[in-house]
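> Residue numbers (the numbering used here): 225 to 1189.
Ideal Cβ placement from N, Cα and C applies to all residues, glycine included.
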């Protein structure tokens, strides 16, 4: 007679009297009743209840009458944390003294110990510090328990252990059928006995599987696989290949948290319907992903990348009918915010980096984000309950709630917020608040189907399974680590301390024994076909795993041979199965998904086919990429090296291509330095994403710092020369004022990561300004023009005539123009680096330094055309380095080689017209190139092609320019 028979016998002893089946969970009770009905027919007058549910129903009226509120276990956790803080403040020398020690793990361990003491009937007066190996620990627990008891009394609260005081015997003739509980505490037994009294019947479970006579009659199948994914895939292959209905399968997971996500992903991919008794993490729905992601955003210092990831994945929406997610992503990435809550407000409010079309979006985004930040505290005033309230509001307003799972997550977050609202949670740092709330979210589950459903495979844990009565049971993850029960002492309540404190405190070694016995008993409920599997290798930890001893026991029971050992089990299990189906013979092979299709396609009777040939045929783009790599390494120049058959650049839209409106000198120099980089940037218009990354040691990026210094130098010279009309009247105080104002403005629009970093960089900029001032103080030249735009009065690019008669349209700005003699001028370009790239012997530097020559001609002609100086001659160009790094040095170029300029430009334009956009000659250029990840080692491969005779005609013009010093 098994458990089902014994339960039925008890039910039919007095069929008219009501009966209550007391079980660990409602789902187990309902599954047991379904099995009884399947075997014996209908039963009536039988209800299902848990001990907790029965006790709450019994005590509800009495608690209401006495105006006592029930303190849930989750609420007790926060009460105990606050009491721990109070105790640490009251006694600086107590066992747990510092607030930093009150992390979630420590608080949870203390909470668990106090609950165990309460459920064992232990009160503060029963604890004697001398019973502990560390008297300080014993005193701490005694005082903390005393504070907790006082708190419950003062607040008119009770926890579950205290409900025995409010219980009353049942008033009717209900019989209580209690499944033999494992590891019940003293208070749990007191509660059931107070309510049920003499009407309590205890129903014992069956014997453990190894002692159960019927268990060996089950059909057995065992296998192993190389990893948990391979294990699940192999099980699904077999399950789909079987003729039995899917709803005759129950899957019991040895490690539910590890295997449930794998099972879910495979079930979704294969279309196998599954129910999950313990549910799934909230990360499997949009609202859950959004909640976890926004917490990570707070934890990591509010990086823009988190928001853009959320927008891309569709778990964040900013309500605006005019803007799409792509618009918000582009705005955030181009804003230069990067990270930091104060940077959002400063940069979005100033909107300095935004284009005309982004101003309105920037205002909207500023409004939304400011609404978020206004409700988030500063400093150490964070509280998990308030953060949960904020999170619930965020999910409701800014997350698309498409499914019932999304709604359930929102409801669960709001329920947690309400649950904690009546408890004094206390303030903490943002790091701790986010960590606590993240743990709460990780405990929420979606898609919970506690009982099996028709038409679906039922997935459950090894501790909850075995009650369904389904014909086929598959136990997954049966490795030694998952099935072993290591005895780890509780550091707060060691076994020897438990014995001394109370005989009702269960020892840790007894707990492990009871868990193991309950699992063995659960297996005895299985009837029909039994599958056992485990992962013999863990790819994550890169280590092998051994099968559990219970797998060997089951094999012995099936064979009737008790002498079999693990080597015999290894032979039975055979080779581990892999993710791809390569072990099954053809007649037993089943196609599970596209991976298995490929495995079958690549195999034939003679062995394995040519994999590359098959893959390239199926994926032409991959084959094209391989062809590109082969051609890049070939001697002959090809389209894959950047030699287009025709120039496919759009003449009206590409920057610096002949035939368009104007030439950009910087782009012409970029082409000379690296044609491929030019092609990516100016023709294909590919832009590396410039997203600032949080750096605790940096405030301003290099380009921001350079722009700021240019701004300071221009404002100072404009003031001391009255906009270039008078000789400079240098005044260090004026410079300091301008520097201070510029730094203040920069700090408002670009918040620094810390005051220390801001102060350090401000001092560096002041030192750079001092270098600039000392340089200017000793000059006799007259600064005339600043940030001079080269163009016509109508704002169009100016038309420039080179010495050889060639005409080009030019656009650009000149940092500064000085008059160095009668009708004689020098143009100056500020550089914030050093002079390394501007050697005096490299006038044009292979076409990479054309700016000084072109701008000299342009400024000279501009002075003529505008009438500012019709006899003007620009005789010098200077690269100035007015910073500490540049040591105040300069590199001057006499403008005496203008005749060569036209030839260089002509040859560069000729190469462009041929469609020639090849990688750089100098592979050192690749080290700082933003397109390095795109072209890889292409520049190295081009080394041989440049000298190959077969390419000389095509590369002739470009090589001539590269040879010019």
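Output the distance between the C-alpha atoms of residue 497 and residue 491, rounded to the nearest integer angstrom.
Each residue's Cα considered, the two are about 7 Å apart.
> List, from N- to C-terminal side, the beta strand (DSSP E) runs of 3 residues or more that fit wholly inside the stretch 230 to 306.
Correct list: 243 to 246 and 270 to 273.
> Smallest Cα separation from residue 271: which of 260, 281, 246 and 280?
Measuring from the Cα of residue 271, the nearest candidate turns out to be 246.
> Below 7 Å CB to CB, which residues in the same chain sit around residue 852 once its five sequence neighbours on both sides are set aside?
Same-chain partners within the cutoff: 864.
> Ignore the nearest five residues each way along the sequence and tell me which others in residue 234's own chain have a CB closer than 7 Å to its CB.
Contacts found: 401, 425 and 427.
> Less than 7 Å between the C-beta atoms of residue 866 and residue 903, yes or no?
Yes, these two residues count as a Cβ contact at 7 Å.
> Contact defined as beta carbons within less than 8 Å: I believe residue 1033 pairs with residue 1014. What is the distance between those atoms, to the nearest angstrom?
About 10 Å separates the two Cβ atoms, so there is no contact after all.
> So who's on the other strand from residue 498, going by DSSP bridges?
Looking at the DSSP assignment, residue 498 forms a beta bridge with 681.
> Closest to residue 929 by C-alpha separation, out of 909, 987, 900 and 896, would be which residue?
Closest option to residue 929, Cα to Cα, is 987.
> In the DSSP output, which residue or residues are listed as bridge partners for residue 761?
Per DSSP, 768.
> Quick one: what's residue 475 bridged to in DSSP?
Beta-bridge pairing links residue 475 to 683 and 698.
> On a Cα-Cα basis, can you pick out the residue from 589, 649 and 623 that is closest to residue 610?
Among 589, 649 and 623, the Cα nearest to that of residue 610 is on 649.
> Could you check the C-alpha separation between residue 461 and residue 281 for me, to the nearest Å?
If I take the Cα positions, the gap works out to 47 Å.
> Is it true that the CB of residue 1051 sits closer than 7 Å to the CB of residue 1101?
Contact: yes.
> Which stretch, first to last residue, makes up the alpha helix (DSSP H) that contains residue 1043?
Not the alpha helix (DSSP H): residue 1043 falls in the beta strand (DSSP E), residues 1031 to 1045.
> Go to residue 1048, then tell me how far its beta strand (DSSP E) extends in each direction, as first and last residue.
Per DSSP, residue 1048 belongs to the beta strand (DSSP E) from 1048 to 1054.
> Can you check whether the CB of residue 374 is closer than 7 Å to the CB of residue 415?
No, the Cβ-Cβ distance between residue 415 and residue 374 is not below 7 Å.
> Quick one: is residue 546 buried, meaning 16 or more other Cβ sit within 10 Å of its Cβ, or exposed?
Residue 546 comes out exposed.
> Determine the extent of the alpha helix (DSSP H) in which residue 940 is found, giving its start and end residues.
Element bounds for residue 940: 926 to 944.
> With burial defined as no fewer than 16 other Cβ atoms inside 10 Å of the residue's Cβ, what is the status of residue 883: buried or exposed?
With a pLDDT of only 42 at residue 883, under the threshold of 50, the placement of this residue in the model should not be trusted; the figure read from the coordinates follows. Exposed is the call here.
> When burial is assigned at 16 or more other CB atoms within 10 Å of the CB, is residue 1148 buried or exposed?
Its Cβ having fewer than 16 others within 10 Å, residue 1148 is exposed.
> Is it a yes or a no for the stretch 480 to 494 touching the stretch 509 to 518, going by three-plus beta-carbon pairs under 8 Å?
With the cut-off at 8 Å, the stretch 480 to 494 and the stretch 509 to 518 do not touch.
> For a quick check, are the C-beta atoms of residue 597 and residue 563 less than 7 Å apart?
No, the pair does not count as a contact, with Cβ atoms beyond the cut-off.
> With contact counted as at least three CB pairs below 8 Å, one residue from each stretch, are the stretch 324 to 336 and the stretch 704 to 713 in contact?
No, they do not touch.
> Which partner residues does residue 448 have in the DSSP bridge list?
Residue 448 is bridged to 758.
> Quick check: the Cα distance between residue 1038 and residue 1000, rounded to an integer number of angstroms?
Each residue's Cα considered, the two are about 18 Å apart.
> Mind reading off the beta-carbon distance from residue 1084 to residue 1145? Whole number of angstroms is fine, and I expect it under 8 Å.
Not really, about 32 Å apart at Cβ, beyond 8 Å.
> In terms of residue numbering, what span does the alpha helix (DSSP H) encompassing residue 1007 cover?
Premise fails: residue 1007 lies in the beta strand (DSSP E), 1006 to 1014, not in any alpha helix (DSSP H).
> Go to residue 795, then tell me how far its alpha helix (DSSP H) extends in each direction, as first and last residue.
790 to 797 is the extent of the alpha helix (DSSP H) around residue 795.
> Within a Cβ cutoff of 7 Å, which residues of the same chain sit near residue 934, ignoring the five residues on either side of it in sequence?
Excluding residues within five positions, the ones whose Cβ falls inside 7 Å are 1039 and 1054.
> Considering only the alpha carbon of each residue, which of 319, 1012, 406 and 1057 lies closest to residue 926?
Checked all of 319, 1012, 406 and 1057; the closest Cα to residue 926 is 1057.
> As an exercise, report each continuous beta strand (DSSP E) stretch of at least 3 residues that is fully enclosed by the stretch 936 to 1004, in chain order.
For the stretch 936 to 1004, not a single whole beta strand (DSSP E) run of length 3 or above is found.
> Near residue 1005, what residues of its chain come up, given a Cβ to Cβ distance below 6 Å and the 5 sequence neighbours on each side ignored?
Only 1042 and 1044 meet the Cβ criterion.
> Is the Cβ-Cβ distance between residue 504 and residue 488 less than 7 Å?
For residue 504 and residue 488, yes; Cβs fall inside 7 Å.
> For the stretch 1065 to 1150, list the alpha helix (DSSP H) runs that are entirely contained and at least 4 residues long, ordered along the chain.
Counting only runs of 4 or more, we get 1075 to 1090 and 1122 to 1137.
> Look at the alpha carbon of residue 958 and the alpha carbon of residue 587, and state the distance between them as a whole number of angstroms.
Rounded to the nearest angstrom, the two C-alpha atoms are 35 Å apart.
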